[in-house]
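Trainee: When the letters of the sequence shown are read in order and numbered with the working numbering, they come out as residues 97 to 970. Even for Gly, the Cβ is constructed at its ideal location relative to N, Cα and C. Please read all numbers here as calculations on a predicted model, not as lab measurements. Take a look at this one; I'll ask things after.
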Amino acid sequence: MSDAPHRLPGWATAVLVRLLPAGVRGASIRGDLAQEWSERARGPGRQVWLAVEVARLGFHYGVRAAGRGGGGMEGAWGFAVRKMRRDPGYSALAVGTIALGIGVTVALYSVVQAVLLDPLPWERPDELVALFEGHEPRDVHRNVVNPGNLRAWRESGSLAGVEGVMPPQPRIVSSPGEPREVMASFVTPGYLTLLGVEPVEGGGFSPGAGGADGDQIVLTRRGRLELFGDVPEVVGRTVEVNGASARVMAVLDDGHLPFADGALILTAIPLADLGDQTNTGRFLYGLGRLPSDGSIGAAQAELSGVMAGLRERHPEFNAGWRVEVESLRTVLLGDLRAPLWTLLAASGLLLLVSCVSVANLTLARATERRAELAVRSALGASSRAIAGQLMVENLTLAAAGGALGTLIAWVGTTLLTPQLLTAFTIPRLGAVGLDGGVLLFAALVTGLTGLAFGLVPSFAAGRASPAATLRAEGRGPGRATGRLRSALVVAEVALSVVLLTSAALLVRSFRTLVTVETGFDVERVVTGRVNLTGERYRGSEPDRLFFTQLERELAALPGVEAAGGVQMLPLDGLGSATSFYAADGPVPPREEWPVADIRPIIGAYFEAMGIDLLAGRTFGPEDGPDTPRTVVVSRSLADEVWPGLDPIGRPLAINWDDLDPWTVVGVVDDVVHAGMDQAPRPMVYHTVRQAPYFPFMSVVLRTRAGGEGEAVGALRALVAELDPALPVTRVRTLDDFVRTATARPRVTAFLMTLFAGAAALLAAVGVYGVLAYSVARRVREIGVRVALGARGRDVVALVTAQGVRLVLAGLAIGLAVAAVAARLLESLLFGVAPRDPVAFGGAALLFVAVGVLACLGPALRAIRIRPVRALREG
97 MSDAPHRLPG
107 WATAVLVRLL
117 PAGVRGASIR
127 GDLAQEWSER
137 ARGPGRQVWL
147 AVEVARLGFH
157 YGVRAAGRGG
167 GGMEGAWGFA
177 VRKMRRDPGY
187 SALAVGTIAL
197 GIGVTVALYS
207 VVQAVLLDPL
217 PWERPDELVA
227 LFEGHEPRDV
237 HRNVVNPGNL
247 RAWRESGSLA
257 GVEGVMPPQP
267 RIVSSPGEPR
277 EVMASFVTPG
287 YLTLLGVEPV
297 EGGGFSPGAG
307 GADGDQIVLT
317 RRGRLELFGD
327 VPEVVGRTVE
337 VNGASARVMA
347 VLDDGHLPFA
357 DGALILTAIP
367 LADLGDQTNT
377 GRFLYGLGRL
387 PSDGSIGAAQ
397 AELSGVMAGL
407 RERHPEFNAG
417 WRVEVESLRT
427 VLLGDLRAPL
437 WTLLAASGLL
447 LLVSCVSVAN
457 LTLARATERR
467 AELAVRSALG
477 ASSRAIAGQL
487 MVENLTLAAA
497 GGALGTLIAW
507 VGTTLLTPQL
517 LTAFTIPRLG
527 AVGLDGGVLL
537 FAALVTGLTG
547 LAFGLVPSFA
557 AGRASPAATL
567 RAEGRGPGRA
577 TGRLRSALVV
587 AEVALSVVLL
597 TSAALLVRSF
607 RTLVTVETGF
617 DVERVVTGRV
627 NLTGERYRGS
637 EPDRLFFTQL
647 ERELAALPGV
657 EAAGGVQMLP
667 LDGLGSATSF
677 YAADGPVPPR
687 EEWPVADIRP
697 IIGAYFEAMG
707 IDLLAGRTFG
717 PEDGPDTPRT
727 VVVSRSLADE
737 VWPGLDPIGR
747 PLAINWDDLD
757 PWTVVGVVDD
767 VVHAGMDQAP
777 RPMVYHTVRQ
787 APYFPFMSVV
797 LRTRAGGEGE
807 AVGALRALVA
817 ELDPALPVTR
827 VRTLDDFVRT
837 ATARPRVTAF
847 LMTLFAGAAA
857 LLAAVGVYGV
867 LAYSVARRVR
877 EIGVRVALGA
887 RGRDVVALVT
897 AQGVRLVLAG
907 LAIGLAVAAV
917 AARLLESLLF
927 GVAPRDPVAF
937 GGAALLFVAV
947 GVLACLGPAL
957 RAIRIRPVRA
967 LREG
């Protein structure tokens, strides 16, 4: 081991020498700190620890010194408050700048804490796992599960509990009150017990729910309010859902329910009643709980063994499929981490820019007060006392800014939460608020902010010599202070450029996303959903007859150019898919069958959506229930199955009810269904007249200009004529679906642009301030230049060149940092490289323009300097 003395970095030693007590005590404190510094592992963490310790010690001893030098602590704080009142303009600017940075940061932190940091709101949440099926040959992951497979996993005993849940689907509640559509999820009876959710009313499902104990439902608070209003007691009442009576067993507090988020009703259904590998497909999400001594790895290994046996017992159904066990927290929050942490980091950068801006402001103010501080020093005040008093003043500003910033954060979260709810579908976003943890964070950020912008001017004031300061008083501000302020402006510009470049990347990504070819035309298209319910529609035949009758009447609706319907609209969040193969060749192994989405349609759906017909025909009267079955396929499916061949007339075997071939009669263009950032999947369309499959239909109406209201009214009247008990629900324009699908990148880019704009404004003010400071210091020099014949443009060039040099220096540093930081944004970008030259170049040009504009004010002020007056005052 080396016997060399432990040493702190030079910057830490310089600060501590000024702020710690003189003599043996100060040296002892520095020695202890140096020893602990040397014992810590090298890395960024050690630097952060040292910065916090130096700030803590400086605050402690600096403030104590201020108290001893100014009539005690009460006098130091009172003097700071009086200073704020005497200079309201400076105080308002400083407090407002601090409040902006703190408010934005605290608001974003409140979201991150509620969503990412707080534990999930269920009993022992770390034990909860999500269960999926995956298909290795097709590279399919997180697929829904077959009920028979899920039941086998439950019976294996590998997990402490296994339950199933179906994603929310539209249901018609016809009693109590008028028929209305609500979102409901089927869950197995033990779903709430597995989560450990305690109802606020009632006791939950009974073990025999959906079977021997009859149909049972549980409502959320919002569902209770929508169905029953302010009725005092609802547990035990009967509700008619899709024509079947069910008893209300409990009411849950509003909150996130895994895989059932958005559902107002939970309906119990026994897992055994959902089918198995022989008679149904994959449509459940699995939910499990690890044993108290278990792990995800062990559960994965045990269930993989169970799945191997299921593949042997059901080779046709399970070939190529495997089980996937994942942490529920990872599944629910995984895709939220990147955008939320990115926004919090951006708010942190804005806070840093605010700190640097206020440090520059307080440094300028300290320069104006140098005579006052020099006289206090000459009268016996120590440098530590002066530095401490300035620190107290800065902490007072920080406290005021922190209080205002916390208010801004409260307003911000109130306004931001609805936007994030629309954009992110965030679990527990309703829990966002300024609780104790967020207020503690706000207090910590306020204190660190005060130290961050207060250390520089306090340290500079503590170093000043009283005699030198008084001698220089008549000659304007000193060069050392000017260099320090210039360095701070370079830092402001660099940080702002990082934010501006990040915003430019996200905006470019968003613009690329919204220009994706969707395959359909959103102009003048309105949709509404019809959901069949009641005893009248038991079985598929009544569904087919109703939709066939609706199909015949749609074309005659007034104000409509084309009308049709599809059971699952693009970008609506619902979907169904199955495997298939070309039946005009050898049958491939089951695990190699490709997968396509399948959509039943009615009427002129393709014309109403604006989907182009590329080959063959669409459906007509000749495609009836008693004729050979026909399909229209998408271009990507035709290219995949019959590359280079004409698909019209070829047979396609679809793994749905049976494998009897369907005949391809048409090919249409690809359509984006799952998301704007996902490639179109192969698609199979068939007419409802030949197979209805689902008891609901989204009607699509392409209207004449201004005819949306008339068309919707006519649709409601038509459905009421066919069945007065059926409402038309979810009336929306097609453009609404596209806006919802792009809400997350739009909100992220918008917030990042706001942060970048605020940072750029603060940096521009910093450039302006430094140049104005420089012009004030160089009044005599500029006067001499003008007296010797310098023209106005020469003076403008002189002043502007100084500002441009600062901007270019900050720009170079900022672009270098942004090139590294852009890699962290990669998961949020679509169609744009992390180092996109257009985004980087645009951000650079924009900031140069901002910098030049900031230079013009001081430059124009400089050319108004009169030589005689300048020489007289100099």
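Take T614 and list the residues in its own chain whose beta-carbon comes closer than 6 angstroms to its own, dropping the five residues that flank it on each side.
Mentor: Taken in chain order, the residues that qualify are V768.
Trainee: What does the Cβ neighbour count give for S187, buried or exposed, with the cut at 16 atoms within 10 Å?
Mentor: buried
Trainee: Along the beta strand (DSSP E) that carries M779, what are the first and last residues, could you check?
Mentor: M779 to T783
Trainee: Per DSSP, which one or two residues make a beta bridge with F793?
Mentor: Rather than Phe, the amino acid found at residue 793 in this sequence is Met. Answer by DSSP bridge pairing, in chain order: V626.
Trainee: Between A340, G332, L360 and E336, which lies nearest to L321 when the distance is taken from Cα to Cα?
Mentor: L360
Trainee: Excluding the 5 residues preceding and the 5 following S605 in the sequence, name in chain order all residues of the same chain whose CB lies nearer than 6 angstroms to its CB.
Mentor: For S605, the CB contacts under 6 angstroms within the same chain, skipping 5 residues up- and downstream, are L925, F926 and V928 in chain order.
Trainee: Reducing DSSP to helix, strand and coil, say where F702 ends up.
Mentor: helix
Trainee: State the Cα-Cα distance for the pair L536 and A495, rounded to the nearest angstrom.
Mentor: 13 angstroms
Trainee: Would you list the one or two residues that DSSP bridges to Q774?
Mentor: Its beta-bridge partners do not exist; DSSP assigns none.
Trainee: With DSSP run on the structure shown, which of helix, strand or coil describes Q373?
Mentor: Correct three-state label for Q373: coil.
Trainee: Looking at the unbroken alpha helix (DSSP H) that takes in S187, where does it start and where does it end?
Mentor: Counting along the chain, the alpha helix (DSSP H) containing S187 begins and ends at P184 to V208.
Trainee: Using the Cα positions of L894 and L112, report the straight-line distance between them to the nearest angstrom.
Mentor: 39 angstroms
Trainee: Using a Cβ-Cβ cutoff of less than 6 angstroms, which residues in the same chain neighbour V737 once the five nearest sequence positions on both sides are dropped?
Mentor: A678
Trainee: Go ahead and pull the three-state DSSP assignment for R746.
Mentor: coil
Trainee: Mapping the DSSP letters down to three states, classify R604 as helix, strand or coil.
Mentor: helix
Trainee: Among P354, I365, A434 and T316, which one has its Cα closest to the Cα of L212?
Mentor: A434
Trainee: Is it buried or exposed, E647, if we count other Cβ atoms within 10 angstroms and call 16 or more buried?
Mentor: Buried, because 16 or more other Cβ atoms sit within 10 Å of the Cβ of E647.
Trainee: For L406, collect the residues of the same chain with a Cβ closer than 7 angstroms to its Cβ; drop the 5 residues on either side in sequence, then sort them by chain order.
Mentor: N245, A248 and N414
Trainee: At the level of alpha carbons, what is the spacing between V344 and R220?
Mentor: 27 angstroms
Trainee: Ordered along the chain, which non-local residues of its own chain (more than five positions away) have a Cβ less than 7 angstroms from that of N239?
Mentor: F228, E229, G230, H231 and R378
Trainee: Taking its Cβ as the centre, do 16 or more other Cβ atoms sit within 10 Å of R571, making it buried, or is it exposed?
Mentor: The predicted model places R571 with a pLDDT of 49, which falls under 50 and marks its position as unreliable; any figure quoted below should be read in that light. So R571 ends up on the exposed side.
Trainee: Here's a check: name, in chain order, each residue in its chain whose Cβ is nearer than 8 angstroms to the Cβ of P233, leaving out the five neighbours to either side.
Mentor: G416, E687 and E688
Trainee: Return the Cβ separation of L814 and L653 in integer angstroms, given the expectation that the two are a contact with Cβ distance under 8 angstroms.
Mentor: 7 angstroms between Cβ atoms; contact.
Trainee: How would you write the range of the alpha helix (DSSP H) that N414 sits in, first residue to last?
Mentor: P411 to N414
Trainee: Kindly indicate the opening and closing residues of the alpha helix (DSSP H) around A659.
Mentor: Per DSSP, A659 belongs to no alpha helix (DSSP H); it is in the beta strand (DSSP E), V656 to V662.
Trainee: Would you call the region 758-766 in contact with the region 722-735, where contact means no fewer than 3 C-beta pairs closer than 8 angstroms?
Mentor: With the cut-off at 8 angstroms, the region 758-766 and the region 722-735 touch.
Trainee: Please name the residue, chosen from V283, R607 and V293, that lies closest to D311 on a Cα-to-Cα basis.
Mentor: The residue with the shortest Cα to Cα distance from D311 is V283.
Trainee: Which residue wins for smallest C-alpha separation from F851, given the options L595, V610, E817 and F943?
Mentor: L595
Trainee: Quick one: using the 10 Å Cβ neighbour count with 16 as the cut-off for buried, is A130 buried or exposed?
Mentor: buried
Trainee: If distances are taken between C-alpha atoms only, which option among E649, M262 and V861 comes closest to G699?
Mentor: E649
Trainee: Using a Cβ-Cβ cutoff of less than 7 angstroms, which residues in the same chain neighbour M772 once the five nearest sequence positions on both sides are dropped?
Mentor: L609, V612, A837 and T838
Trainee: Applying the criterion that 16 or more other CB atoms from any shown protein chain within 10 Å of the CB defines a buried residue, is A195 buried or exposed?
Mentor: buried
Trainee: Assign R333 to one of three DSSP states: helix, strand, or coil.
Mentor: coil
Trainee: Would the region 714-723 and the region 770-790 be scored as touching if the rule is three or more Cβ pairs under 8 angstroms?
Mentor: yes
Trainee: According to DSSP, simplified to helix, strand and coil, what is D693?
Mentor: strand
Trainee: Check whether the region 818-827 touches the region 625-633, counting contact only when three or more Cβ pairs, one atom from each stretch, lie closer than 8 angstroms.
Mentor: yes
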